[in-house]
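Letter by letter, the sequence shown follows residues 1 to 386 in the UniProt record's numbering.
One structure below.
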Amino acid sequence: MSGSLYDVIIIGGGPAGCATAIALHQLGITKVLVVEGSDYSRERIGESIPPDTRGLFSRLGLWQVFEQQNHQRCLGSYSSWGSDDLGFNDFLFNPRGHGWHLDRLSFDRFMADEVRLRGIDFLSGVRFHQLNRDRQQQVTNIALTGSQSGEKQQQSCRFVVDASGRSASLARCIGARFKTQDNLLCVAGFFHRQELATDLALQHMTLLEAVEHGWWYSAHLPGDRIIAAFASDSEIILQHRLKQPEHWCRALAQTRHLGPALSPAKLPLSLHTWVAPSALLNPPAAEGWLAVGDAASCYDPISSQGIYKALLGGLNAAPAIAAWLQGDSRPLMDYRQSVGEAFINYLAQRAYFYQREQRWMQAAFWRKRHLASGIYQGEAATAVHE
1 MSGSLYDVII
11 IGGGPAGCAT
21 AIALHQLGIT
31 KVLVVEGSDY
41 SRERIGESIP
51 PDTRGLFSRL
61 GLWQVFEQQN
71 HQRCLGSYSS
81 WGSDDLGFND
91 FLFNPRGHGW
101 HLDRLSFDRF
111 MADEVRLRGI
121 DFLSGVRFHQ
131 LNRDRQQQVT
141 NIALTGSQSG
151 EKQQQSCRFV
161 VDASGRSASL
171 ARCIGARFKT
181 QDNLLCVAGF
191 FHRQELATDL
201 ALQHMTLLEA
211 VEHGWWYSAH
221 LPGDRIIAAF
231 ASDSEIILQH
241 RLKQPEHWCR
251 ALAQTRHLGP
261 ALSPAKLPLS
271 LHTWVAPSAL
281 LNPPAAEGWL
291 AVGDAASCYD
301 PISSQGIYKA
311 LLGGLNAAPA
321 IAAWLQGDSR
331 PLMDYRQSVG
341 EAFINYLAQR
351 AYFYQREQRW
361 MQAAFWRKRH
371 LASGIYQGEA
381 ATAVHE
């Protein structure tokens, strides 16, 4: 493997990187290497995907094998947003059927296995270190390091894809930078469904509840577990000490719908935190490289578009890469433009959704998002056309 010249090297073996590799294989581009820093053993928090994802799986030739994975069905959602009442939205009349609560660890392994089954070279437990672009030879040299062994190696390619997630580690080496429009902090705990006095259909539904200082989300996970996550600004999390289980649980108990549904489950011994930005990479593509998935743009988790965006990004990236390899760079620039335009559309939808909540207009969390929505969209539009 070492020393050969690949057409494409993909840094990141998550859903976006694997979808890109599979879509390239469908176009006859097989001299591809996927590099993943993990060994797919670390637990990942689950994610819900909408029924329309079925169409993306079909385009990737994965629908039948995905269906056999037996991920938990998601029949719709409950929400208390803009009203104290609990509304209900189901997928009963969606022509594509139900959505899914993904077992993320299982799903990521599944995608990686499908890449390998197609004969595409795949390195796991190997991290991107740095790159050197030989513009005269039109070759990019990628330095890699074993995650555990520290062993170094070099691979070379004509085109490189950053699918490394929010770190965008490769794109940053090239000089691209994120323009962040908003930054949420999420704090989550896990419960066992057997401990609950009532189910509230949480096994097959998601629940979203707005509160004065942010919003709560819950969904079913593998192993009869339920995740409950609170999203807000970092300063609010700090002020209310919501990284501490006792304060987090006290805030959960004060919710109108989710708290009673999760009572009397045991107090989580620990909480998990992560940053959830709304950000656009500038630029998301240029000569000889592009970014895909969260490396290209990050969306608010309230959109539930992470996996969908990753798969769609891979499908859109592959034709642009294929054209560039054949000497036509115009589709690559079209891809760059499409990432920006999709982000602007996302910001508009996000602004509409947040503006529907009018109960706490003077609260810092909601006031910030009501006042800044137009500014966010203007800044994003400027970044797209730079």
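The C-beta atom is built at its ideal place from N, Cα and C for all residues, glycine as well.
- Annotation for residue 216: no alpha helix (DSSP H) segment contains it, though the beta strand (DSSP E) segment containing it runs 214-221.
- One thing to note: residue 46 has its Cβ no nearer than 8 Å to the Cβ of residue 5.
- CA-to-CA, the gap between residue 304 and residue 109 works out to about 21 Å.
- If only uninterrupted alpha helix (DSSP H) runs of at least 4 residues are considered, those enclosed by the region 1-83 are 15-26, 53-59, 63-67.
- For residue 349, the uninterrupted alpha helix (DSSP H) run begins and ends at 330-355, by DSSP.
- Nearest in C-alpha terms to residue 43, of all of 190, 313, 310, 340, is 190.
- DSSP places residue 129 in the strand class (E or B) of the three-state scheme.
- Annotated as proximal: residue 8 and residue 161, with beta-carbon spacing under 8 Å.
- When only Cα atoms are considered, residue 105 and residue 300 end up about 21 Å apart.
- Counted as a single uninterrupted DSSP element, the alpha helix (DSSP H) harbouring residue 172 occupies residues 169-174.
- Less than 8 Å separates the beta-carbon of residue 293 from that of residue 165.
- Residue 247 carries a helical assignment under DSSP once its states are collapsed to helix, strand and coil.
- In this structure, the CA atom of residue 58 is about 8 Å from the CA atom of residue 64.
- Here DSSP, grouped into helix, strand and coil, assigns residue 370 to helix.
- Take the alpha-carbon of residue 257 and the one of residue 163: they are about 38 Å apart.
- For residue 277, the three-state secondary structure derived from DSSP is strand.
- Assigned with DSSP and collapsed to three states, residue 106 falls in helix.
- At the C-beta level, residue 193 and residue 282 stay beyond 8 Å of one another.
- Rounded to the nearest angstrom, the gap between the Cα atoms of residue 38 and residue 32 is 19 Å.
- If you draw a straight line from the Cα of residue 186 to the Cα of residue 227, it is about 12 Å long.
- By the neighbour-count criterion, in which 16 or more other beta carbons inside 10 Å mark a residue as buried, residue 260 falls on the exposed side.
- Leaving aside the five residues that flank residue 249 on each side, the residues in its chain whose CB is nearer than 8 Å to its CB run, in chain order, 189, 267, 268.
- In this structure, residue 285 places its C-beta atom within 8 Å of the C-beta atom of residue 332.
- Taking residue 74 as reference, the option from 56, 82, 60, 52 with the minimal CA-CA separation is 52.
- With contacts defined by Cβ atoms closer than 8 Å, residue 207 and residue 78 form a contacting pair.
- With 16 or more other Cβ atoms from the protein chains shown falling within 10 Å of its own Cβ, residue 309 counts as buried.
- Note on residue 274: under 16 other CB atoms within 10 angstroms of its CB, so exposed under the neighbour-count rule.
- DSSP places residue 235 in the helix class (H, G or I) of the three-state scheme.
- Per DSSP, residue 291 is one residue of the beta strand (DSSP E) stretching across 289-291.
- Just so you know, the alpha carbons of residue 359 and residue 98 end up roughly 31 Å apart.
- DSSP, read as helix, strand or coil, puts residue 256 in coil.
- Secondary structure note for residue 312: its alpha helix (DSSP H) is the uninterrupted segment 306-325.
- Selection 330, 138, 154 evaluated against residue 128 yields 154 as nearest (Cα-Cα).
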